[in-house]
Amino acid sequence: MTIKTSWVVTSVACAAALAGVAHAQSPSTHAAQMIRSRSKAVCVNPHPNHMKISAIVVGFSQSQGNENPFRAEETKSLKDAAASFHAKRYVYTNAHSNEAKQVADVESMINQGAQALVIAPLNSTGLQPAFAQAVGKHIPIITIDRHTAGTDCTDYLSFMGSNFYKQGEIDGEQLAKATGGHAVIAEIQGAYGNSVETARTKGFAAAIHKYPGMKIIAAQTGNWSTTDAQTVMSQILLAHPNVNAVYTQSDTMAFGAITALRDAGKKPGQVKIVTIDGTKQGVQDIVSGWVYADDETNPRFGPIALHEIQNWFDGKPVPQTIVIKDHLYTQADAKSALASDAPY
């Protein structure tokens, strides 16, 4: 694989694509409309064979269970895209938060004849054995949602995901707006050692650093779990009953924090909450007053990933990084968004 760095594509704006309602469009057009930006650095297939998706076996390795709304929509997006691109066969696995199983899953898909792979990595490391097997058989890989260790254009072609640092910044600014720049903050973080958690933590810290009246009184991991976040929030409230603001790095953890606040006798809006994901329940919590703002993490990777895999087989440049469009939900548009079925 070779690298070419002279290609730039301007992103296209389209709110309908964010809501996943571009049914009348071709898969490739739909993919282009969901992209915010692409890197100048690209990968180019030195030996294009011009195979069509309709002639190959496509595999998708999901990292976590579909009880998580983000994962469920992500899984649906890949399955639907495989159908839209008329993939010869679609193979799906789910590692259920087990790193060793994800490696075994990828190797199993390769043994089942997968000719292109999309992987949602569980962790920032650990997939090297699976990458090595894919490289040995010249199988292109697109990684989505979480960064993982590896070499661009060798181990995988591209990473596709949100700007996680920017998400943290946006939530910090929203919390400053909600509290007038004066807040005692509980931060419930994702699983440690995860690239998404790291970026969202740093982005939030950078945003609130501009406001001397905003202090993080406690920061603990909720492990992306509703149950863990509820426990953590309850413990923080016992130690710091003066908390008046909460930043959770996912909607699943916001749900746990809300339960803990409710159990502690708090009323909607009494403690300002900002969160990240943009799930249907998260947006509903804005309407009910529990959540102040929810920054979407768009899980609709399917059309983009398969479009770029087709580009790879055709010898066209594939950006090493693709940032997908997200939407910030607030009181201004939460009701209308739910009415249009935009959140997942």
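For reference, each letter of the sequence shown is one residue, going -24 to -1, 1 to 320 in mature numbering (1 follows the signal peptide of the UniProt record, and there is no 0).
Even for Gly, the Cβ is constructed at its ideal location relative to N, Cα and C.
Residue nearest to residue i in terms of C-alpha spacing, selected from the options
i: serine 73; options: Val222, Gly157 and Ala96; result: Ala96
i: leucine 282; options: Phe46, Ala59, Val20 and Ala48; result: Ala59
i: phenylalanine 46; options: Arg65, Thr174 and Arg122; result: Arg122
i: tyrosine 66; options: Ala90, Gly102 and Lys16; result: Ala90
i: glycine 144; options: Ala71, Lys178, Gly137 and Ile300; result: Lys178
i: threonine 297; options: Ala195, Trp200, Tyr132 and Ala106; result: Tyr132
i: threonine 235; options: Asp261, Asp253, Arg176 and Gly41; result: Asp261
i: isoleucine 164; options: Ile120, Ile285, Ala194 and Asn170; result: Ala194
i: glycine 41; options: Val247, Asn70 and Ile32; result: Asn70
i: lysine 64; options: Tyr168, Ser53 and Ile32; result: Ile32
i: threonine 124; options: Asn170, Val94 and Thr155; result: Asn170
i: asparagine 199; options: Gly156, Thr228 and Ile280; result: Thr228
i: glycine 254; options: Lys242, Gly156, Ala313 and Ser39; result: Ala313
i: alanine 17; options: His303, Pro295 and His62; result: Pro295
Counted within 10 angstroms of its Cβ, other Cβ atoms place residue i as buried (16 or more) or exposed
i: proline 217; result: exposed
i: tyrosine 223; result: buried
i: tyrosine 268; result: buried
i: serine 264; result: exposed
i: alanine 315; result: exposed
i: alanine 310; result: buried
i: glycine 189; result: exposed
i: glycine 245; result: exposed
i: arginine 176; result: buried
i: glutamine 206; result: buried
i: leucine 98; result: buried
i: proline 22; result: exposed
i: glutamine 307; result: exposed
i: histidine -2; result: Note that histidine -2 scores a pLDDT of 44, beneath 50, so its modelled location is shaky; the value from the coordinates is reported in the next line. It counts as exposed.
i: tyrosine 305; result: buried
i: alanine 230; result: buried
i: alanine 110; result: buried
Counterpart residues of residue i in DSSP-defined beta bridges
i: threonine 297; result: Phe135
i: arginine 14; result: Ile298
i: tyrosine 223; result: Glu163 and Val250
i: alanine 236; result: Paired residue(s): none; alanine 236 is not in a bridge.
Residue-chain proximity (residue i, chain B), Cβ-Cβ < 7 Å
i: serine 13; result: Absent here is chain B; the protein component of the structure consists of one chain.
What are the uninterrupted segments assigned as beta strand (DSSP E) that are 3 or more residues long and contained completely in the region 101 to 141, given in chain order?
-> 117 to 120 and 134 to 137
Can you give, in chain order, each stretch of the beta strand (DSSP E) that sits fully within the region 254 to 278 and has at least 3 residues?
-> 269 to 272
Taking contact to mean at least 3 C-beta pairs separated by less than 8 Å, is the region 181 to 199 in contact with the region 143 to 161?
-> yes
For the 8 Å Cβ check, are there 3 or more pairs between the region 278 to 295 and the region 13 to 27?
-> yes
May I have a chain-ordered list of the alpha helix (DSSP H) segments no shorter than 4 residues that lie completely inside the region 30 to 86?
-> 45 to 60
May I have a chain-ordered list of the alpha helix (DSSP H) segments no shorter than 4 residues that lie completely inside the region 134 to 207?
-> 140 to 155 and 171 to 184
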